[in-house]
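In the UniProt record's numbering, the protein residues as written are 1 to 119.
Even for Gly, the Cβ is constructed at its ideal location relative to N, Cα and C.
Quick caveat, the model's predicted, so the values are computed rather than measured.
In what follows, a structure is listed as structure tokens, so that the remarks can point back to it.
Below you can see the structure in the form of structure tokens.
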């Protein structure tokens, strides 16, 4: 009996093996953080492991961490660790919104308000 790869339940390699047993990235990557492959990632893609090659290929177009996890069929935490490792090496760039707990810059808001009033 053969298994159709499209209907397979997920990766054959256990998620902890993909991350070397790590469950957290050095970065706090939000689920909506946007990831794209850098020129270095394109150049060195052939030397990356299979999951990293897949991420590099997927992120030729900007993708979120959630999309990467779904595309790899891995838990979100695994995708975060893999993307974090690739960001450390310069293979991908990550764009995140500023921390929502931080208060907005009051001077900036005043300049925006002043500009709007001049319109």
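Whose C-alpha, out of the options, is nearest the C-alpha of residue i?
{"i": "residue 65", "options": "92, 113 and 108", "result": "92"}
{"i": "residue 62", "options": "111, 110, 27 and 94", "result": "94"}
{"i": "residue 44", "options": "29, 96, 90 and 97", "result": "90"}
{"i": "residue 40", "options": "33, 34, 29 and 60", "result": "60"}
{"i": "residue 29", "options": "118, 113 and 78", "result": "78"}
Assign residue i to one of three DSSP states: helix, strand, or coil.
{"i": "residue 112", "result": "helix"}
{"i": "residue 34", "result": "strand"}
{"i": "residue 83", "result": "helix"}
{"i": "residue 63", "result": "strand"}
{"i": "residue 92", "result": "strand"}
{"i": "residue 29", "result": "coil"}
{"i": "residue 117", "result": "helix"}
{"i": "residue 74", "result": "coil"}
{"i": "residue 52", "result": "helix"}
Leaving out the 5 sequence neighbours to the left and right, which residues in its chain are closer than 6 Å to residue i when beta-carbon positions are compared?
{"i": "residue 27", "result": "84"}
{"i": "residue 35", "result": "59, 63, 83, 92 and 94"}
Enumerate in chain order the residues of its own chain whose CB-to-CB distance from residue i is below 8 Å, with the five nearest sequence positions on each side excluded.
{"i": "residue 76", "result": "31, 65, 66 and 69"}
{"i": "residue 2", "result": "With a pLDDT of 46 at residue 2, under the threshold of 50, the predicted position of this residue should be treated as unreliable, and no value is reported."}
{"i": "residue 42", "result": "56 and 60"}
Apply the 10 Å Cβ neighbour rule to residue i and answer buried if 16 or more other Cβ atoms are within range, or exposed otherwise.
{"i": "residue 109", "result": "exposed"}
{"i": "residue 47", "result": "exposed"}
{"i": "residue 116", "result": "exposed"}
{"i": "residue 111", "result": "exposed"}
{"i": "residue 33", "result": "buried"}
Spell out a yes or no on whether the stretch 81-90 and the stretch 49-60 are touching, meaning 3 or more CB-CB pairs, one atom from each, closer than 8 Å.
-> With a cut-off of 8 Å, the stretch 49-60 and the stretch 81-90 count as touching, because enough Cβ pairs lie within range.
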